[in-house]
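Engineer:
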Amino acid sequence: MVEPIKTDVVIVGAGPIGLFAVFELGLLDMKTHLIDILDKIGGQCAELYPEKPIYDIPGVPMTSAQGLVDALMEQIKPFNPQFHLGEMVEKVEKIGDPLFRLTTDQGNVFESKVVVIAAGGGSFQPKKPPIPGVEPYEGKSLHYAVRKMDRFRDKRILIVGGGDSALDWTLNLAPIANHLTLVHRRSEFRAAPDSVNKMMALVGEGKIDFLLGQVTQLHGANGQLSKAIVKGNDGSMHELACDALLPFFGLTMKLGPVANWGFELKNNELIPVETSAFETSVPGIFAIGDINWYPGKLKLILSGFHEGALMAQKAHHYVYPDKRLVFQYTTSSTSLQKKLGVAPQAPQPAA
Ligand SMILES: Cc1cc2nc3c(=O)[nH]c(=O)nc-3n(C[C@H](O)[C@H](O)[C@H](O)COP(=O)(O)OP(=O)(O)OC[C@H]3O[C@@H](n4cnc5c(N)ncnc54)[C@H](O)[C@@H]3O)c2cc1C
198 MVEPIKTDVV
208 IVGAGPIGLF
218 AVFELGLLDM
228 KTHLIDILDK
238 IGGQCAELYP
248 EKPIYDIPGV
258 PMTSAQGLVD
268 ALMEQIKPFN
278 PQFHLGEMVE
288 KVEKIGDPLF
298 RLTTDQGNVF
308 ESKVVVIAAG
318 GGSFQPKKPP
328 IPGVEPYEGK
338 SLHYAVRKMD
348 RFRDKRILIV
358 GGGDSALDWT
368 LNLAPIANHL
378 TLVHRRSEFR
388 AAPDSVNKMM
398 ALVGEGKIDF
408 LLGQVTQLHG
418 ANGQLSKAIV
428 KGNDGSMHEL
438 ACDALLPFFG
448 LTMKLGPVAN
458 WGFELKNNEL
468 IPVETSAFET
478 SVPGIFAIGD
488 INWYPGKLKL
498 ILSGFHEGAL
508 MAQKAHHYVY
518 PDKRLVFQYT
528 TSSTSLQKKL
538 GVAPQAPQPA
548 A
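Following the numbering used here, the numbering of the sequence shown begins with 198 at its first residue and continues without gaps.
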């Protein structure tokens, strides 16, 4: 077995609620590792609506969803959380009282006294491309994400899609590929215009190919692709030799492995918690944010922030069973200010 990464608290999910939990746990001296299946931080805010304005964060009249994520990252910097992106937590086992072991799909193992499930609507999973017979190639020569760019060095790559992922990976992989073709079914792209312009420039320089059409057939053996057939929008047929296919057709949300962690789920998708600390039926495992359920629950970011604050108070008992917890304000506690790396404010004279 691989050497486990040991820490005080493992947070499953790096959405806004997982991020703010780092702050509340950090103020109480608990170290955190966060694991997220996405290759970026910010959960739904970053993945689904980064540019949409949010108006209901207390004290912040307006911010963009990505702006909120960036601000949370700035706020938790003093606590140096460790991120493990592009990894899905598959298993959570109780191995002590309380001590938990978590295993990811990348084979990493974590051990912690407290687990915080901040998994939102569950795991984002790639939508399958409408190409018959993709299954034998999945994970071998057909990939829905790029975990290590070097895997694609000197390969003949076929990328399919017209969104940001398709265009970003076209631009990033073009310099290391043996040959790269982008296929998209429409001449309009959902990706950032700047990426589209850069892609078109590469096409103009003869560095990559672009085809308007759809992949209709895959050929290969033992999971290894050798060629793909593309039907052009003008009816022309193209036979493309390729070693790797990267389809980017967006993501859907599915509960994923959380369903197998032994909780009796509400409506088959939410983890019931009590409301004094948002702890699940397993002492030491908490569920906060969109993934939990209790009477009156509102799936709002501000609710998840409140849940994180109360969770941290109870988590402290598990991580430091012999230490008494004294409630303090960040405005007046010099010890909290030290943790935050801010200079203590001189007391203001009475008016
Ligand atoms: C279009 C839209 C607009 C919205 N507008 C607002 C608004 O104006 N105000 C507001 O308060 N709320 C709004 N919301 C809701 C808000 O985005 C959610 O309440 C919030 O994102 C919940 O945060 P979370 O951290 O609980 O979950 P999420 O943001 O869903 O993050 C959960 C993370 O957990 C990861 N994960 C799940 N399972 C695993 C696993 N097994 N292993 C590893 N990682 C895992 C996921 O990849 C994801 O990144 C909006 C939502 C949408 C879709």
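By construction, the Cβ of each residue, glycine as well, lies at the ideal position given by its N, Cα and C atoms.
Taking buried to mean at least 16 other C-beta atoms within 10 Å of its own C-beta, is VAL199 buried or exposed?
Structural biologist: exposed
Engineer: Using a 10 Å radius around the Cβ and a threshold of 16 neighbouring Cβ atoms, would you call LYS324 buried or exposed?
Structural biologist: exposed
Engineer: Per DSSP, THR229 forms a beta bridge with which residues?
Structural biologist: VAL206
Engineer: Can you give the Cα-Cα distance for PRO458 and SER478, rounded to whole angstroms?
Structural biologist: A small correction: the amino acid at residue 458 is Trp; Pro does not occupy that position in the sequence shown. Using only the alpha carbons, I get a separation of about 11 Å.
Engineer: Roughly how many angstroms separate the alpha carbons of VAL553 and THR378, rounded to a whole number?
Structural biologist: The question about residue 553 has no answer here: the residues shown for the chain are numbered 198 through 548.
Engineer: Nearest-angstrom Cα distance between ILE251 and MET259?
Structural biologist: 6 Å
Engineer: When you measure from the CB of LEU245 to every non-hydrogen atom of ligand 1, does any distance come out below 7 Å?
Structural biologist: yes
Engineer: Spatial neighbours of ARG387 within its chain, please: CB distance less than 8 Å, with the 5 preceding and 5 following residues excluded, ordered by chain position.
Structural biologist: GLY359, GLY360, ASP361
Engineer: Hey, is the region 471 to 490 in contact with the region 205 to 219, meaning 3+ C-beta pairs nearer than 8 Å?
Structural biologist: yes
Engineer: Compute the minimum distance between the beta carbon of ILE468 and the heavy atoms of ligand 1, and state whether it is under 7 Å.
Structural biologist: no
Engineer: Helix or strand or just coil, what does DSSP make of ARG298?
Structural biologist: strand
Engineer: Am I right that HIS435 and MET227 are in contact with their C-beta atoms under 8 Å? What's the rounded C-beta distance?
Structural biologist: Going by Cβ atoms, the distance from HIS435 to MET227 rounds to 56 Å, so no, they are not a contact pair.
Engineer: Just the C-alpha distance for GLU271 and LEU224, rounded to the nearest angstrom, thanks.
Structural biologist: 15 Å
Engineer: At a cut-off of 7 Å, would you count GLY304 as near ligand 1, judging by its Cβ distance to the nearest heavy atom?
Structural biologist: Ligand 1 never approaches GLY304 closely enough for any of its heavy atoms to be under 7 Å from the residue's Cβ.
Engineer: Output the distance between the C-alpha atoms of HIS416 and PRO333, rounded to the nearest integer angstrom.
Structural biologist: 11 Å
Engineer: Which residue's Cα is closest to the Cα of ILE314: VAL219, LEU495, GLY293, PRO518?
Structural biologist: VAL219
Engineer: TRP490 by DSSP, collapsed to three states: which one?
Structural biologist: DSSP places TRP490 in strand when its eight states are reduced to three.
Engineer: Given a threshold of 16 other Cβ atoms within 10 Å of its Cβ, counted over all protein chains shown, does PHE524 qualify as buried or as exposed?
Structural biologist: The Cβ neighbour count for PHE524, taken over all protein chains shown within 10 Å, is under 16; the residue is labelled exposed.
Engineer: Taking 7 Å as the line, does the beta carbon of MET285 fall inside it for any heavy atom of ligand 1?
Structural biologist: For MET285, the shortest C-beta to heavy atom distance toward ligand 1 is below 7 Å.
Engineer: Among GLY318, PRO201, PHE321, whose alpha-carbon lies nearest the alpha-carbon of LEU296?
Structural biologist: PRO201
Engineer: Check for me: the beta strand (DSSP E) holding PHE307 runs from which residue to which?
Structural biologist: 306 to 314
Engineer: Would you tell me roughly how many angstroms separate the C-alpha atoms of ASP236 and THR367, rounded to the nearest one?
Structural biologist: Spanning the two alpha carbons is a distance of roughly 17 Å.
Engineer: May I ask you to report which of helix, strand or coil DSSP gives VAL539?
Structural biologist: Reduced to three states, the DSSP call for VAL539 is coil.
Engineer: Count the other C-beta atoms from every protein chain shown that fall within 10 angstroms of the C-beta of LYS310, then say buried if there are 16 or more, exposed otherwise.
Structural biologist: buried
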